[in-house]
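Engineer: Numbering (my numbering), first residue to last: 9 to 445. All C-beta atoms in this analysis are idealised placements derived from N, C-alpha and C, irrespective of residue type, glycine included. Predicted model only: the values in this text are computed from it and were never measured. Below is one structure. I have some questions about it.
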Ligand SMILES: Nc1ncnc2c1ncn2[C@@H]1O[C@H](COP(=O)(O)OP(=O)(O)O)[C@@H](O)[C@H]1O
Ligand SMILES: Nc1ccn([C@H]2C[C@H](O)[C@@H](COP(=O)(O)OP(=O)(O)O)O2)c(=O)n1
């Protein structure tokens, strides 16, 4: 980014030989004119950066990466390198696999299930109108790490320049820091999305569902607020967006949800206040491959929600009338289309949230009755389903010298191109993990 340096102009002029008393006035006015032009130019550039930042925060990263790169191009000398981290939610596997194959023809991904533990950062080189992609594979473990870079061109920017560009792009999700462990692949996870306007009573009802139906409550808003408190590098960006009533980029929220789901270990989740826009929805589906069981939607008029929020008294920065109005607008414009999307699929259970808390819960209870048996999940994952596997293991133990006696780790060792990592932390029954060497 070219920012005009006034002192530079002055220095040049001071050391010029013609600098004598007679021409001093003339030089001064020339300098002033030059500085005015430079100031205007700098202002224009700053304006452009502000516009781009505004677009990023408004629309979030996903849809406008190419647009941003194009807009930034005049200010960058080519070739330049831009690292977009947290890109695994921007580019999905169907896109990445051919690229990987192209960059490294021998590369094959024989076990798509293990893909989920490979974190990707994509490096885009901008060179005139051509953008080529190089990939860095990451298999992150706590304490163990394997990074591989495929780079088609040598990097030409310093790390500081790269971080400036990343900062300019609005989000700095670092997959290496927030590494989400392998997402439960074999476990059937039930997810219910709880949606409704701000103050419609989502949190209140979720607490009751947890008590009665053994769900784990994950509030996207609470997770984001905890992220701000943790002092994370995204904290300021999240805090600004929440104060403005805007929706935080999906890659941030999804990473937090995924992490919370893995750490919790339950198989039934109430996800409250998510997905809040189409991008949230599509990114969640593509990253987690989880389809919600159904959507619990609380209908409540704005006047009632406003009244509740103003007396909520939880010390939240966004519970002021100005931000509340903005949140209502975002809800109508961005969140309602998500409810409509699921409604068309017949997945929405609407609840009249105007009634008193206990009456609302009566309706909710009826909707959750299929989950009534607290043992339902135990039944699904219970010994009956595991029986064939238990029998197989037993046979393998008996026939210890037979070809059947291979366990997953031995199998992985035999596959060329797969480096095996065993888990360092966690319980011993965690799956063996692998990554592309
Ligand atoms: N059915 C209800 N009737 C009256 N007040 C309610 C009802 N449900 C929730 N509240 C109150 O309204 C406020 C907002 O509820 P909350 O559950 O935090 O909403 P949300 O999670 O949808 O933002 C809280 O102070 C809560 O006690
Ligand atoms: N999926 C989400 C959920 C919440 N947020 C942000 C934006 C929301 O205004 C705030 C607060 O959300 P929360 O669900 O806690 O609160 P309300 O339902 O608005 O009362 O968090 C987000 O950006 N993306």
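Below 8 Å CB to CB, which residues in the same chain sit around residue 261 once its five sequence neighbours on both sides are set aside?
Structural biologist: Within the same chain, residue 261 has close Cβ partners 228, 231, 232, 282 and 288.
Engineer: DSSP puts residue 366 in a beta bridge; with which residues?
Structural biologist: None, per the DSSP bridge assignment.
Engineer: Give the range of the beta strand (DSSP E) segment to which residue 250 is assigned.
Structural biologist: Per DSSP, residue 250 belongs to no beta strand (DSSP E); it is in the alpha helix (DSSP H), 243-251.
Engineer: Taking only runs of the alpha helix (DSSP H) that begin and end inside the stretch 284-326, which ones reach a length of at least 4 residues, in chain order?
Structural biologist: Counting whole runs of 4 or more residues, the stretch 284-326 contains the alpha helix (DSSP H) stretches 286-296 and 310-318.
Engineer: Among all the DSSP beta bridges, which residues are the ones paired with residue 204?
Structural biologist: Per DSSP, 306.
Engineer: Identify, in the order they occur along the chain, each residue of the same chain with its Cβ nearer than 8 Å to the Cβ of residue 220, setting aside the five sequence neighbours on each side.
Structural biologist: Only 373 and 376 meet the Cβ criterion.
Engineer: Classify residue 242 as buried or exposed, calling it buried when 16 or more other Cβ atoms lie within 10 Å of its own Cβ.
Structural biologist: It is buried - the Cβ of residue 242 has at least 16 other Cβ atoms within 10 Å.
Engineer: Going by DSSP in three states, residue 342 sits in which element: helix, strand or coil?
Structural biologist: Helix, per DSSP.
Engineer: Excluding sequence positions up to five away, which residues of its chain have a Cβ less than 6 Å from the Cβ of residue 350?
Structural biologist: Closer than 6 Å at the Cβ level, and outside the excluded window around residue 350, lie 303 and 356.
Engineer: Could you give the residue range of the alpha helix (DSSP H) that holds residue 218?
Structural biologist: Its alpha helix (DSSP H) spans residues 210-221.
Engineer: Any heavy atom of ligand 1 within a distance shorter than 7 Å of the CB on residue 317?
Structural biologist: Within the cutoff, so yes.
Engineer: Nearest to residue 329 by CA position, among 206, 273 and 201, is which residue?
Structural biologist: Comparing Cα-Cα distances from residue 329 to each of 206, 273 and 201, the minimum goes to 206.
Engineer: Answer with buried or exposed for residue 245, where buried requires no fewer than 16 other C-beta atoms within 10 angstroms of its C-beta.
Structural biologist: The residue in question, residue 245, is buried, as its Cβ has 16 or more Cβ neighbours within 10 Å.
Engineer: Could you tell me whether any non-hydrogen atom of ligand 4 is closer than 7 Å to the CB of residue 332?
Structural biologist: By its list of ligands, the structure shown excludes ligand 4, since it contains just ligand 1 and ligand 2.
Engineer: Cβ atoms of residue 358 and residue 299: under 8 Å apart, would you say?
Structural biologist: No.
Engineer: For residue 332, which three-state DSSP category applies?
Structural biologist: Here residue 332 sits in helix by DSSP.
Engineer: Compute the Euclidean distance between the alpha carbons of residue 224 and residue 337, then round it to the nearest angstrom.
Structural biologist: C-alpha separation (whole angstroms): 29 Å.
Engineer: With DSSP as the reference, identify every bridge partner of residue 279, one or two as the case may be.
Structural biologist: Paired residues: 201 and 226.
Engineer: Measuring alpha carbon to alpha carbon, tell me which residue in 212, 41 and 251 is nearest residue 324.
Structural biologist: Selected option, being the one with the closest Cα: 251.
Engineer: Could you check whether residue 275 and residue 202 sit closer than 8 Å to each other, using their CB atoms as the reference points?
Structural biologist: Taking 8 Å as the Cβ cut-off, residue 202 and residue 275 do not qualify as a contacting pair.
Engineer: Compute the Euclidean distance between the alpha carbons of residue 310 and residue 371, then round it to the nearest angstrom.
Structural biologist: Going by the C-alpha atoms only, they are around 21 Å apart.
Engineer: Using the Cβ count rule (16 or more neighbours within 10 Å means buried), how would you classify residue 365?
Structural biologist: Exposed, by the Cβ-count rule.
Engineer: Would you tell me roughly how many angstroms separate the C-alpha atoms of residue 259 and residue 319, rounded to the nearest one?
Structural biologist: Using only the alpha carbons, I get a separation of about 32 Å.
Engineer: Thinking C-beta only, is residue 368 closer than 8 Å to residue 209?
Structural biologist: In contact: residue 209 and residue 368 (Cβ atoms closer than 8 Å).
Engineer: Got a sec: does ligand 1 put a non-hydrogen atom nearer than 7 Å to the Cβ of residue 320?
Structural biologist: For ligand 1, at least one heavy atom lies less than 7 Å from the Cβ of residue 320.
Engineer: Taking 7 Å as the cut-off, is the CB of residue 291 close to at least one heavy atom of ligand 1?
Structural biologist: Residue 291: no, Cβ never under 7 Å from ligand 1.
Engineer: Looking at the secondary structure, which residues open and close the beta strand (DSSP E) in which residue 359 lies?
Structural biologist: Residue 359 -> beta strand (DSSP E) spans 356-360.
Engineer: Just to confirm my understanding: we take residue 234, look at its own chain, exclude 5 residues before and 5 after, and list those with CB closer than 6 Å. What are they?
Structural biologist: Closer than 6 Å at the Cβ level, and outside the excluded window around residue 234, lies no residue.
Engineer: What did DSSP end up calling residue 236 once you bin it into helix, strand or coil?
Structural biologist: If DSSP states are grouped into helix, strand and coil, residue 236 belongs with the helices.
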